[in-house]
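Everything on this sheet refers to the single structure shown next.
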Amino acid sequence: MVSSEKLIIIGASTGGTEAIRSVLEPMPAHAPAILITQHMPGGFTRSFAERLDRLCRIAVKEAQDGERVLPGHAYVAPGDAHLRLVRSGANYVVRLDDGPPVNRHRPSVDVLFRSAADQAGRNAIGVLLTGMGKDGAAGLLEMRRAGAATLAQDEASCVVFGMPREAIALGAAEEVVGLDDMAARLLKRVAASGRSQRV
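Anchor point for the sequence shown: position 6 equals 6 in UniProt numbering, and the numbering is continuous, going up by one each time.
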């Protein structure tokens with residue numbers, strides 16, 4: 001049996017720490033599981049996750065290899081490892097690896113997004129936030145082609161519009177959303193997909 005749990009998959013770089021906080025803080029305790037790749041050096045991601053955990057109603061933690069992905073939890077990629085989503089029976093689990101950098105980054109947003117496209121398909125919602133470069137654009141397109149809902153942060157609210165701009169140019173983003181509206185939009189997409197699955 002394949003899990004039908006919804007998942008929110010977030011990628012960010014420059015300016016992303018505050019953007020991620022803006023998305024996570026409004027999330028209710030029963031929100032879907034959230035997986036996050038934020039470009040950040042090793043050693044900083046745990047304190048980043050702990051700060052978010054204190055601010056949010058959901059539980060936020062640095063991801064650990066092999067742990068089950070649970071609703072109401074957010075998992076932040078460690079600063080020196082790629083984060084992947086893997087299906088295990090009816091559940092999803094976290095996989096970490098220290099493979100070579102992708103798009104010059106480890107963790108790479110593309111690695112996370114591609115795993116979500118492959119393992120979760122239409123059960124995932126992909127979000128590409130502020131950041132320099134193009135990491136995540138191709139992966140977000142793979143998610144969209146796999147049936148996932150895909151959102152990109154708008155230029156006006158980005159610190160650096162590079163990554164969302166690349167995704168929009170590729171046709172990877174179904175919607176372009178301001179940061180202040182992102183959490184509400186995500187929750188609406190989750191609710192809408194839940195209704196369509198029950199029909």
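Cβ atoms here follow ideal geometry from the backbone N, Cα and C, with glycine treated the same way.
- Message: As an exercise, report each continuous alpha helix (DSSP H) stretch of at least 4 residues that is fully enclosed by the region 92-166, in chain order.
- Response: Scanning the region 92-166 from its first residue to its last, the whole alpha helix (DSSP H) runs of 4-plus residues come out as 109-119 and 137-145.
- Start and end of the beta strand (DSSP E) containing L85? According to the DSSP assignment, L85 belongs to the beta strand (DSSP E) that extends over H82 to S88.
- Item | Spatially closest choice to A152 from A192, G133, L179 and E142, by CA coordinates | Looking from the CA of A152, the closest CA among A192, G133, L179 and E142 belongs to L179.
- Message: Could you check whether the Cβ of L128 sits closer than 8 Å to any Cβ belonging to chain B?
- Response: No chain B appears in the structure shown, which is made up of a single protein chain.
- Task: Would you give the residue range spanned by the beta strand (DSSP E) that E62 belongs to?
- Result: E62 -> beta strand (DSSP E) spans A59 to E62.
- Query: Apart from the five residues just before and just after P32, which ones in its own chain have a Cβ nearer than 7 Å to its Cβ?
  - Reply: Cβ contact annotation for P32 (same chain, cutoff 7 Å, sequence separation greater than five): E5, K6, L7, I8, P71 and V190, in chain order.
- For H30, count neighbouring C-beta atoms within 10 Å of its own C-beta (all shown protein chains included) and say buried if the count is 16 or more, exposed if not. Counting other Cβ atoms within 10 Å of its Cβ, H30 stays below 16 and is therefore classed as exposed.
- Helix, strand or coil for G16, going by three-state DSSP, please let me know. Residue state, collapsed to three classes: helix.
- When you compare only the Cα positions, how much space is there between A77 and P107? Rounded to the nearest angstrom, the two C-alpha atoms are 7 Å apart.
- Message: Can you give me the C-alpha to C-alpha distance between E25 and T150, rounded to a whole angstrom?
- Response: Counting only the Cα atoms, T150 lies some 20 Å from E25.
- Message: Could you compute how far the alpha carbon of R46 sits from the alpha carbon of T37?
- Response: Whole-angstrom Cα-Cα distance: 13 Å.
- Query: Should the region 112-119 be regarded as contacting the region 135-142, the criterion being three or more beta carbon pairs within less than 8 Å?
  - Reply: The answer is yes - the region 135-142 touches the region 112-119, with three or more Cβ pairs under 8 Å.
- Task: Output the distance between the C-alpha atoms of D80 and P41, rounded to the nearest integer angstrom.
- Result: Near 7 Å, if we compare the C-alpha coordinates of P41 and D80.
- Between the beta-carbon of S13 and the beta-carbon of G131, is there less than 8 Å? For S13 and G131, yes; Cβs fall inside 8 Å.
- Query: How many angstroms separate the CA atom of D65 from the CA atom of L96?
  - Reply: Straight-line Cα distance between these residues: approximately 5 Å.
- How long is the line joining the alpha carbons of R198 and T17, rounded to whole angstroms? For R198, the predicted model reports a pLDDT of 45, less than 50, meaning its position is unreliable and no value from the coordinates is stated.
- Since R68 sits in a beta bridge, which residues does DSSP pair it with? In the DSSP output, where bridge partners are listed per residue, R68 has V93.
- Message: By the DSSP assignment, the alpha helix (DSSP H) with E50 in it spans what residues?
- Response: The continuous alpha helix (DSSP H) containing E50 extends over residues T45 to L55.
- Task: Could you tell me the distance, in whole angstroms, from the CA atom of V159 to the CA atom of G171?
- Result: Spanning the alpha carbons of V159 and G171 requires a straight line of approximately 21 Å.
- Just mark D154 as buried or exposed, buried being the case when its beta carbon has 16 or more other beta carbons within 10 Å. D154 counts as buried, since at least 16 other C-beta atoms from the protein chains shown sit within 10 angstroms of its C-beta.
- Item | Residue from H39, A156 and L186 whose Cα sits closest to the Cα of V102 | Selected option, being the one with the closest Cα: H39.
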